[in-house]
Amino acid sequence: MRAVDSSGNTGAFSRPVLATSGTLLRLEGESLLPAVSATAPVSAQGNCCGVSWSGGQQLWFQGASVGDRVSLHINVPQDGTYAATVALTKAADYGIVQVGVDGADLGAPVDGFAPSGVAVADHGLGPVTLTAGQHTLTLTVAGRNAAATSSMIGLDVLTLKLTG
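Counting in the working numbering, the sequence shown runs from 7 upward without gaps.
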């Protein structure tokens with residue numbers, strides 16, 4: 007979004023944080039900070055390393071060991087079943103992540119390893135039934151690819167599409 011005055015002059019774009027359009031809830035990872043809890047450092051990381059994240063940042067969890075986790079609050083506007091998708095970062099130093107909501111795993115663990123470069127990839131997690139209000143999203147280091155040099159996790163965007 008950006009401001010436009012009566013003469014047609016435009017201001018700079020604002021940083022996207024949250025968008026809800028009818029049946030779609032899109033949450034920028036960095037907008038979920040501060041974390042409810044974390045077993046390793048977690049912060050917002052700006053574009054770097056040849057990648058541009060949505061909103062210019064990602065949530066960067068510097069997990070080091072299997073079981074390291076970060077928990078974050080998300081707010082859902084209405085009761086329903088949602089198709090959950092995450093955009094996660096992939097790089098040589100990223101681990102295998104298990105995404106969960108309210109203590110239940112969503113989808114299969116996702117391997118964040120990429121042999122070279124840094125990229126963002128979308129991963130469908132399947133359906134999740136949620137009530138309106140606050141829930142806890144958890145990202146857990148579930149393992150590490152044998153070729154990976156670390157176990158970090160990068161969350162660019164969580165998308166929940168109301169399906170029923």
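Heads up, the beta-carbon is just placed ideally off N, CA and C, and yes, glycines get one too.
Keep in mind the model is a prediction, meaning the values are calculated, not measured.
Nearest neighbour of residue i, chosen from the options [CA to CA]
i	options	result
D117	G35, G149, G106	G149
Q63	A70, V72, S49	S49
V76	L38, G56, A90, D128	L38
L164	V92, G101, G69	V92
I80	L136, G160, S157, I159	L136
A153	F119, I159, G52, G160	F119
A97	R32, G160, L31, L30	G160
A46	Q68, N53, S157, E36	Q68
V42	G61, L166, H141	H141
Anticipated Cβ contact below 8 Å, residue i with residue j, distance rounded
i	j	result
V107	W59	The pair is not a contact, with the Cβ atoms about 22 Å apart (cut-off 8 Å).
Q84	T146	So it is not a contact: roughly 27 Å between Cβ atoms.
T169	P133	7 Å
Y88	M158	Contact doesn't hold; Cβ gap of about 27 Å is too wide.
Residues that residue i bridges to, as DSSP identifies them
i	result
V163	E34, A93
R75	T146
P133	A89
D128	A93
V64	Sequence inspection shows Gln at residue 64; the Val mentioned does not correspond to that position. Its beta-bridge partners are Q51.
L112	V105
A44	V76
D99	In DSSP, D99 forms no bridge with anything.
G123	BP columns for G123 are empty, so no partner.
N81	Q140
Buried versus exposed, by CB contacts within 10 Å (16 or more), residue i
i	result
L65	buried
T95	buried
D74	buried
D162	buried
Backbone CA spacing between residue i and residue j [nearest angstrom]
i	j	result
V124	G56	7 Å
L31	L112	17 Å
G86	N53	34 Å
A6	T29	No statement about residue 6 is possible, as the shown extent of the chain runs from 7 to 170 and does not include it.
E34	P121	26 Å
Minimum Cβ-Cβ distance from residue i to chain D less than 8 Å
i	result
Q104	The chain inventory of the structure shown lacks chain D, comprising one protein chain alone.
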